[in-house]
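Below is one structure, written out as structure tokens; the observations come after it.
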Amino acid sequence: MRILHNSELVEDQWTVLEDGRADLGAGDGRVIVTLARWREERPSLLSAHAAVGVLVPNTADIEAVFADIEDRPLIVLQFPTFTDGRALSQAVVLRKRLGFRGELRAVGDVIRDLVFWLGRCGFDSIVPRKDQSLEGCREALREITAAYQAAADEHTPVWVRRRAGVAAAH
Amino acid sequence: MYRYDHIDRALVTQRVEQFRDQTRRYLAGELSEDEFRHLRLRNGLYQQRFAPMLRISVPYGLLESAQLRKMAHIVRKYDKGYGHFTTRQNIQLNWPKLEQVPDLLGELAEVQLHGIQACGNDTRNITSDYLAGVAADEHIDPRPYCELMRQYVTLNPEFYWLPRKFKFGFTGATVDRAATRTNDVAVHLVRRGDGAVGYRFFVGGGLGRQPMLGQEMNPFVPESDLLRYACAILRTFNRFGRRDNIHKARIKIVLREWGYARFRAAIEEEYGKIKASSEGEELLLLPEDIERVRGHFPAPAYRPAAEVSADIAGLAARDARFAAWIKRNVRAHKIAGYKVVFVSLKAPDHVPGDCTAEQFEALAEICDAYSFGELRSTYDQNLVLADVAERDLHDLWRRLDAMKLATPNIGLVTDIVSCPGLDFCGLANAGSIGVAQDIYRRFDTLDAQYEIGAIRITISGCMNGCGHHSVGHIGILGVDKHGEEWYQVTLGGSPGNDAAIGERIGRALARDEIADGVERLIRGYLELRFDDDETFIECYRRLGMAPFKERLYESEAEAEAA
Numbered sequence: 010m011r012i013l014h015n016s017e018l019v020e021d022q023w024t025v026l027e028d029g030r031a032d033l034g035a036g037d038g039r040v041i042v043t044l045a046r047w048r049e050e051r052p053s054l055l056s057a058h059a060a061v062g063v064l065v066p067n068t069a070d071i072e073a074v075f076a077d078i079e080d081r082p083l084i085v086l087q088f089p090t091f092t093d094g095r096a097l098s099q100a101v102v103l104r105k106r107l108g109f110r111g112e113l114r115a116v117g118d119v120i121r122d123l124v125f126w127l128g129r130c131g132f133d134s135i136v137p138r139k140d141q142s143l144e145g146c147r148e149a150l151r152e153i154t155a156a157y158q159a160a161a162d163e164h165t166p167v168w169v170r171r172r173a174g175v176a177a178a179h
Numbered sequence: 003m004y005r006y007d008h009i010d011r012a013l014v015t016q017r018v019e020q021f022r023d024q025t026r027r028y029l030a031g032e033l034s035e036d037e038f039r040h041l042r043l044r045n046g047l048y049q050q051r052f053a054p055m056l057r058i059s060v061p062y063g064l065l066e067s068a069q070l071r072k073m074a075h076i077v078r079k080y081d082k083g084y085g086h087f088t089t090r091q092n093i094q095l096n097w098p099k100l101e102q103v104p105d106l107l108g109e110l111a112e113v114q115l116h117g118i119q120a121c122g123n124d125t126r127n128i129t130s131d132y133l134a135g136v137a138a139d140e141h142i143d144p145r146p147y148c149e150l151m152r153q154y155v156t157l158n159p160e161f162y163w164l165p166r167k168f169k170f171g172f173t174g175a176t177v178d179r180a181a182t183r184t185n186d187v188a189v190h191l192v193r194r195g196d197g198a199v200g201y202r203f204f205v206g207g208g209l210g211r212q213p214m215l216g217q218e219m220n221p222f223v224p225e226s227d228l229l230r231y232a233c234a235i236l237r238t239f240n241r242f243g244r245r246d247n248i249h250k251a252r253i254k255i256v257l258r259e260w261g262y263a264r265f266r267a268a269i270e271e272e273y274g275k276i277k278a279s280s281e282g283e284e285l286l287l288l289p290e291d292i293e294r295v296r297g298h299f300p301a302p303a304y305r306p307a308a309e310v311s312a313d314i315a316g317l318a319a320r321d322a323r324f325a326a327w328i329k330r331n332v333r334a335h336k337i338a339g340y341k342v343v344f345v346s347l348k349a350p351d352h353v354p355g356d357c358t359a360e361q362f363e364a365l366a367e368i369c370d371a372y373s374f375g376e377l378r379s380t381y382d383q384n385l386v387l388a389d390v391a392e393r394d395l396h397d398l399w400r401r402l403d404a405m406k407l408a409t410p411n412i413g414l415v416t417d418i419v420s421c422p423g424l425d426f427c428g429l430a431n432a433g434s435i436g437v438a439q440d441i442y443r444r445f446d447t448l449d450a451q452y453e454i455g456a457i458r459i460t461i462s463g464c465m466n467g468c469g470h471h472s473v474g475h476i477g478i479l480g481v482d483k484h485g486e487e488w489y490q491v492t493l494g495g496s497p498g499n500d501a502a503i504g505e506r507i508g509r510a511l512a513r514d515e516i517a518d519g520v521e522r523l524i525r526g527y528l529e530l531r532f533d534d535d536e537t538f539i540e541c542y543r544r545l546g547m548a549p550f551k552e553r554l555y556e557s558e559a560e561a562e563a564a
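Chains A and B, in that order, give the protein sequences.
Under the working numbering, the first residue of the first sequence carries the number 10, and numbering increases by one thereafter.
Under the working numbering, the first residue of the second sequence carries the number 3, and numbering increases by one thereafter.
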């Protein structure tokens, strides 16, 4: 399955390990498990798999759970519908406040028209809904290049950029 | 006026192209109806009863002549020759064609207008005091702060998919002319005893179902922290606002369910965390940031009083119609020799808030000639020319009068606030324009209006409350009962400093009873008032509901007695 990673279309390296299932039988041993399972089975998961990513519900207090997942190479956040923006706040807090530098992935009802916002909030790994055009999703990352706020793609908010007088020169 | 630089321009034009592609994909069947709905709403496009409705944001109610000329062109080319000013100081078009909307938005972008976040579950257009910069009771001009907030919330990626709509209202004056506490967030600019400027934040206001007024969350947030505190509120809402029930999704419900203490503690905690992180550095406003934006709103080049003042009383003495207009539609200005002029959009047999292409054009010329090229839209669906030289008043009046824009009724019984209602709106349960016109005709003579004095009648065609019925002195809410239009009446609401949510008086009235009912209430007030100076709302507050209820339902009381 191909996904969007660092703005490129690549083959997904991760496999979801459903709760209750012991192992994969496929892939190179990078698995995604739920937060609940991670907390329960951390040592055995680490010994059985090359890498373990964690899926966090969008209702979780990301700061409260961060101590359990801060060393993870991948954190997966959920979009039950594309209009449910709770995971966007989780992502911003993870990146800006908690300083998470690993891979941050969006899954769920990810349509092309959500992708732009995901990119700006710091998701570098995006799994579009099955029916979506992957090429379209990739293009969507750069739909709007002018931005007012500081975000993953533009590190300086517009009011700071204008301080230097750069903006006024045009 | 705030002037776009290349960043603002790029953002708005790229946004038009984004929507053009979304529209293309929808028409090609690549986007579902529901998916496209959320996308078009975020560009101001609502599906109405007969056609799409396009809501155009007018940031904090400021317009200039080039925008008015463009609106004249737009309503002719894409609509039926008129637009409609709303209670949120915006402009709505009722008849654009979906396929043409991207082109329409492209033309709007040429004059700094757009529909970005005009509808949908996002941060909406910011409303503010229509007398910003000219009011004598103003301590701080709110416009630079509105603009900074506009930039912060426009296409903000974290807050683009909120649980429900989210509205800001700003004021920097003693008198609240923007119904600020009916917003999710009200920001009052304040100056502390030591001279420091800051913000008094209210949170949790909202009309619609379960109308509530915002409660004070923080009496003084420092000037540098406008965006930090807003971020704390928005993030709390995005995380905890209910997404399981659209009728319980506003921030006011979080406040109600949690209670004030817990809610306030959550906002303050988040604010503290933001301040302590790198995010807080990004969101910190320096004095120079505010000064730079303040520079976009310079005072106009006022001329000395000796050159612009005039003997208005003398002119008025010779012309009774002019005198009536001066009395009702002209207000004091903080600069000697200047006046604030209200342009009434409440002419007889005219839909409240409507403005024709010819009127847009005339207003463009008029504001160029008489008010430094600018115009403001008001919370009451009227317009304001904020800087008119006294010497020009008589000429201005003649030109407004020729365009049916000089009805001398500002703040009176015929200055009725009304949503578009069932005639246009897909959400409405009942008509509102027809009711407004019926009530208007009952009090059409100026003598009757002046005798009644200041009163606010507000009409909404459904619970969503776009006509602000909850905060009308007499509020009228259209409801559907088995396919018939009925009207619930509330009394005692107010949007200003004395803000209050109106109370329901009793059973709903039928379509053919409502104008009679309102007339009985007003005739009752004339009998009940202490003296000629006691306004309707003062009289209601003194006497309470009972005597008004008795008069509204008098025929039923007679029937029961018989």
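Cβ atoms here follow ideal geometry from the backbone N, Cα and C, with glycine treated the same way.
Since this is a predicted model, take the numbers as computed values, not measurements.
In three-state terms, what does DSSP make of residue i?
i        : result
B:Pro497 : coil
B:Ser226 : helix
B:Ala502 : strand
B:Gln69  : helix
B:His8   : helix
A:Ala178 : Here A:Ala178 scores only 42 on pLDDT, less than 50, and its place in the model is too uncertain to base an answer on.
A:Glu20  : strand
B:Tyr132 : coil
B:Pro104 : helix
A:Ser56  : helix
Do residue i and residue j have their CB atoms nearer than 8 angstroms?
i        : j        : result
B:Arg5   : B:His298 : yes
B:His475 : B:Arg458 : yes
B:Gln91  : B:Gly135 : no
B:Arg553 : B:Leu523 : yes
B:Gly195 : B:Arg230 : no
B:Leu407 : B:Val343 : no
B:Ile93  : B:Ile58  : yes
Which residues in the same chain as residue i place their Cβ atom closer than 6 angstroms to its Cβ, once the five residues preceding and following it in sequence are excluded?
i        : result
B:Phe374 : Pro302, Asp389
A:Gln22  : Arg39
B:Thr129 : Arg90, Gln91, Gly171, Ala180
Determine, for residue i, whether the minimum Cβ-Cβ distance to residues of chain A falls below 8 angstroms.
i        : result
B:Glu225 : no
B:Arg237 : yes
B:Thr125 : no
B:Trp163 : yes
B:Ser279 : yes
B:Phe172 : no
B:Gln49  : no
B:Ile568 : There is no way to answer for residue 568 of chain B, as the model of chain B reaches only from 3 to 564.
Mind pulling the chain A residues with CB within less than 9 angstroms of residue i?
i        : result
B:Asp275 : Contrary to the premise, residue 275 of chain B reads as Lys rather than Asp in this sequence. Within chain A, the residues near B:Lys275 are Glu72, Val102, Arg106.
B:Arg294 : Trp168, Arg171, Arg172, Ala177
B:His298 : By Cβ distance, chain A contributes nothing, its closest Cβ being about 11 angstroms from B:His298, past 9 angstroms.
Within the same chain, show all residues whose beta-carbon is closer than 7 angstroms to that of residue i, passing over the 5 residues directly before and after it, in chain order.
i        : result
B:Arg266 : Met219
B:Arg78  : Ala359
A:His179 : Because A:His179 sits at a pLDDT of 41, beneath the cut-off of 50, its placement in the model cannot be relied upon, and the following sentence gives the value as read from the coordinates. Here the set comprises nothing.
Answer with yes or no whether the minimum CB distance from residue i to chain B is below 8 angstroms.
i        : result
A:Glu146 : It should be noted that the sequence gives Cys, not Glu, for residue 146 of chain A. Not one chain B Cβ lies under 8 angstroms of A:Cys146.
A:Arg110 : no
A:Glu152 : yes
A:Val167 : yes
A:Ala76  : no
A:Ala160 : yes
Ordered along the chain, which non-local residues of its own chain (more than five positions away) have a Cβ less than 8 angstroms from that of residue i?
i        : result
A:Glu72  : Val102, Arg106, Leu107
A:Ala176 : With a pLDDT of 49 at A:Ala176, under the threshold of 50, the modelled position of this residue cannot be trusted; read the value that follows with caution. The residues are Val167, Arg170.
Just to check, is the beta-carbon of residue i closer than 7 angstroms to a non-hydrogen atom of the ligand GTP?
i        : result
B:Ala315 : Summarising the ligand content, the structure contains no ligands, and the ligand GTP is consequently not present.
Give the interface partners of residue i over in chain A, defined as CB-CB distance under 7 angstroms, in chain order.
i        : result
B:Glu290 : Arg172
B:Thr25  : Result: empty, since nearest Cβ-Cβ is about 12 angstroms, beyond 7 angstroms.
B:Arg245 : Asp93
B:Tyr154 : Tyr157, Gln158
Could you name the residues of chain A that residue i contacts, counting a contact when the two beta carbons are closer than 8 angstroms?
i        : result
B:Ala12  : Thr154, Ala155
B:Leu287 : Trp168
So which residues on chain B does residue i lean against when the C-beta distance must stay under 7 angstroms?
i        : result
A:Glu98  : The residue you asked about is not Glu; residue 98 of chain A is Ser in the sequence shown. Here the neighbours are Glu160, Arg237, Asn240, Arg241.
A:Ile120 : Glu37
A:Arg129 : Pro159
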